[in-house]
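Notes follow the structure.
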Amino acid sequence: MAGRHRHAVRAGLALALALVQPATAGAEGRHVTVTGEAIDTWCYFSGVMGGPDAVVGSAHHTCALWCAAGGIPVGLLADDGTVYMVLKLPGADDAAGGRGFLAVASHRLTASGMLHERDGIRYIIISEVIEDHGITRRNHEDFGVVPPFAIPEAGGE
Amino acid sequence: MRVAALVMALLAGPAAADGFPAPVGGAFALVDQHGRARSERDPQGRMQLVFFGYASCQQICSVALPAMAEAAALAAEAGVALVPVLITVDPDRDSPAALAAALEPLHPDFLGLTGTEAALASARAAFGVAREVLFSDVTGPIYAHGSFLYLLDPDGRVLSILPPILAPARIVAIAQARAPGG
Numbered sequence: 002m003a004g005r006h007r008h009a010v011r012a013g014l015a016l017a018l019a020l021v022q023p024a025t026a027g028a029e030g031r032h033v034t035v036t037g038e039a040i041d042t043w044c045y046f047s048g049v050m051g052g053p054d055a056v057v058g059s060a061h062h063t064c065a066l067w068c069a070a071g072g073i074p075v076g077l078l079a080d081d082g083t084v085y086m087v088l089k090l091p092g093a094d095d096a097a098g099g100r101g102f103l104a105v106a107s108h109r110l111t112a113s114g115m116l117h118e119r120d121g122i123r124y125i126i127i128s129e130v131i132e133d134h135g136i137t138r139r140n141h142e143d144f145g146v147v148p149p150f151a152i153p154e155a156g157g158e
Numbered sequence: 018m019r020v021a022a023l024v025m026a027l028l029a030g031p032a033a034a035d036g037f038p039a040p041v042g043g044a045f046a047l048v049d050q051h052g053r054a055r056s057e058r059d060p061q062g063r064m065q066l067v068f069f070g071y072a073s074c075q076q077i078c079s080v081a082l083p084a085m086a087e088a089a090a091l092a093a094e095a096g097v098a099l100v101p102v103l104i105t106v107d108p109d110r111d112s113p114a115a116l117a118a119a120l121e122p123l124h125p126d127f128l129g130l131t132g133t134e135a136a137l138a139s140a141r142a143a144f145g146v147a148r149e150v151l152f153s154d155v156t157g158p159i160y161a162h163g164s165f166l167y168l169l170d171p172d173g174r175v176l177s178i179l180p181p182i183l184a185p186a187r188i189v190a191i192a193q194a195r196a197p198g199g
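Here it is in structure tokens:
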């Protein structure tokens, strides 16, 4: 998340979050395979940078890198709209952040791992990325760079 | 190796009934901004909302820390004792005085924990939190760090892992549901 985002981000805190459902027990995990896009969960759920179609894919790739670099949790947005919060990627030494997420930001992945549900939030601990399809949603042709200031101007502040 | 251990533990079956269903969290031995020793247990028997970050962070911490403070205030109104806790990832700059100056205006009970580099690294490892220097500017190093919030019971057991995008009211609702006797 770039420093310029923070005021907008604060404003977004009050927004309702679509991923939160009523609490469920969910004490047991199960193995799943999911295909979807590795998204920047902050911008996707807060809506502060644009609508859901604009804060994914190539249009939002630079901002997604900023957010992933800053430790913002990465989610896997499945084709049915379900978002899985990624707790860990294979090969990562640490959960909840790290450079591994930078390599897959905005990429469409087919991944398998253990799914857990807790308090209405779905978490996935990815044990294998079966296929990295790369960035397949080329929506920069529709939206440009979202947000535009994700790419600083040369000589700017 | 921690990845393999985590996956194996999950394959082996559920964790304790009320705890988060993965082996996240653990013991730590740190010091708060008042110089008091602090472990994962809250001596006052409160639930805890733990975040790893640093006081001068202008990125996610500037969102998460006020949200934690607001959640603590809302929880108190709801009759749930919830103490917000920051574990610094930047002990060089987060002196006790710096932690107090940054956190206490947000909430009078906000705790800032620091310690030796080894003790802090142990705490991060227990919670699986990454930390690395992205770059440095005139203020010093800018860190990337994990940004989940960890809801702990009074004994320090992780009850839930909360994305920092949750609204304070939702954090409180989860804390209420997870509170002892809740």
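Which chain is which? The protein sequence lines are A and W, in order.
Number 103 in the working numbering belongs to position 102 of the first sequence; there are no gaps in the numbering.
Number 166 in the working numbering belongs to position 149 of the second sequence; there are no gaps in the numbering.
Note that beta-carbon positions come from the ideal geometry of N, C-alpha and C, so glycine has one too.
Quiz item: With a CB to CB cut of under 6 Å and the five nearest residues on each side skipped, what residues in its chain are close to R139 (chain A)?
Solution: Residues S59 of the same chain have their beta carbon placed closer than 6 Å to that of R139 (chain A), with the five preceding and five following residues left out of the count.
Exercise. Could you tell me how far apart the beta carbons of L103 (chain W) and L137 (chain W) are, in whole angstroms, since I believe they sit closer than 8 Å?
Key: Taking 8 Å as the upper bound for CB-CB distance, L103 (chain W) and L137 (chain W) are not in contact here, some 12 Å apart.
Quiz prompt | Selected residue, minimal CA-CA separation from G110 (chain A), among A:W43, A:E118 and A:E129 | solution = Reading off the sequence shown, one finds Leu at residue 110 (chain A), where the question assumed Gly. Across the set A:W43, A:E118 and A:E129, the C-alpha of A:E129 shows the shortest separation from the C-alpha of L110 (chain A).
Exercise. May I ask you to verify whether the segment 70-82 of chain W touches the segment 110-129 of chain W, counting CB pairs closer than 8 Å and requiring at least 3?
Key: Yes: at least three Cβ pairs fall under 8 Å.
Practice problem: Give the range of the beta strand (DSSP E) segment to which R110 (chain W) is assigned. | Solution: It is not in any beta strand (DSSP E) - R110 (chain W) carries neither H nor E in the DSSP assignment.
Quiz item: In the DSSP assignment, what residue or residues form a beta bridge with D49 (chain W)?
Solution: Residue pairing for D49 (chain W): DSSP places it in a beta bridge opposite W:L130.
Quiz item: Contact check, F167 (chain A) vs A69 (chain A) under 8 Å by CB: the rounded distance?
Solution: Nothing about residue 167 (chain A) can be read from this structure; chain A reaches only from 2 to 158.
Quiz item: DSSP three-state call for I182 (chain W): helix, strand or coil?
Solution: Here I182 (chain W) sits in coil by DSSP.
Quiz item: Do three or more CB pairs link the segment 50-64 of chain W to the segment 166-179 of chain W at distances below 8 Å?
Solution: Counting C-beta pairs closer than 8 Å gives three or more between the segment 50-64 of chain W and the segment 166-179 of chain W, which meets the contact rule.
Quiz item: So, are the CB atoms of G114 (chain A) and I122 (chain A) less than 8 Å apart?
Solution: No.
Practice problem: Spell out the partners DSSP gives Y167 (chain W) in its beta bridges. | Solution: The beta-bridge partner set that DSSP reports for Y167 (chain W) consists of W:V67 and W:I178.
Quiz item: According to the Cβ coordinates, are V57 (chain A) and L78 (chain A) closer than 8 Å?
Solution: Result yes, Cβ atoms of V57 (chain A) and L78 (chain A) sit closer than 8 Å.
Self-check item: F165 (chain W) to I40 (chain A) span [Cα, whole Å]
Solution: Straight-line measurement puts the Cα of I40 (chain A) at about 16 Å from the Cα of F165 (chain W).
Quiz prompt | Residue(s) in a DSSP beta bridge with E149 (chain W) | solution = Answer by DSSP bridge pairing, in chain order: W:A161.
Quiz item: When the cut-off is 8 Å and only beta carbons count, does Y85 (chain A) lie next to chain W?
Solution: In terms of beta-carbon proximity, Y85 (chain A) stays away from the interface with chain W, with every pair separated by 8 Å or more.
Exercise. Below 8 Å on the Cβ atoms is my guess for R55 (chain W) versus L128 (chain W); work out the distance and round it to an integer in Å.
Key: Distance from R55 (chain W) to L128 (chain W) at the Cβ level is roughly 7 Å; contact confirmed, criterion being Cβ atoms closer than 8 Å.
Practice problem: Verify the CB distance criterion: does S107 (chain A) have a CB-CB separation below 8 Å to chain W? | Solution: No, because no Cβ of chain W sits closer than 8 Å to the Cβ of S107 (chain A).
Exercise. Report the neighbours of R1 (chain A) on chain W: residues whose CB is nearer than 8 Å to its CB, in chain order.
Key: Limits of chain A in this structure are 2 at one end and 158 at the other, which puts residue 1 (chain A) out of reach.
Quiz item: Listed from N- to C-terminal order along the chain, which residues in the segment 57-77 of chain W have their beta-carbon within a distance smaller than 7 Å of any beta-carbon of chain A?
Solution: Listed by position, the residues of the segment 57-77 of chain W near chain A (Cβ gap below 7 Å) are Q75, Q76 and I77.
Exercise. Leaving aside the five residues before and after S139 (chain W) along the sequence, list all residues of the same chain whose C-beta is less than 7 Å from its C-beta, in chain order.
Key: Contacts found: F45.
Quiz item: Do A112 (chain A) and I136 (chain A) have their C-beta atoms within less than 8 Å of each other?
Solution: No, they are not a contact pair.
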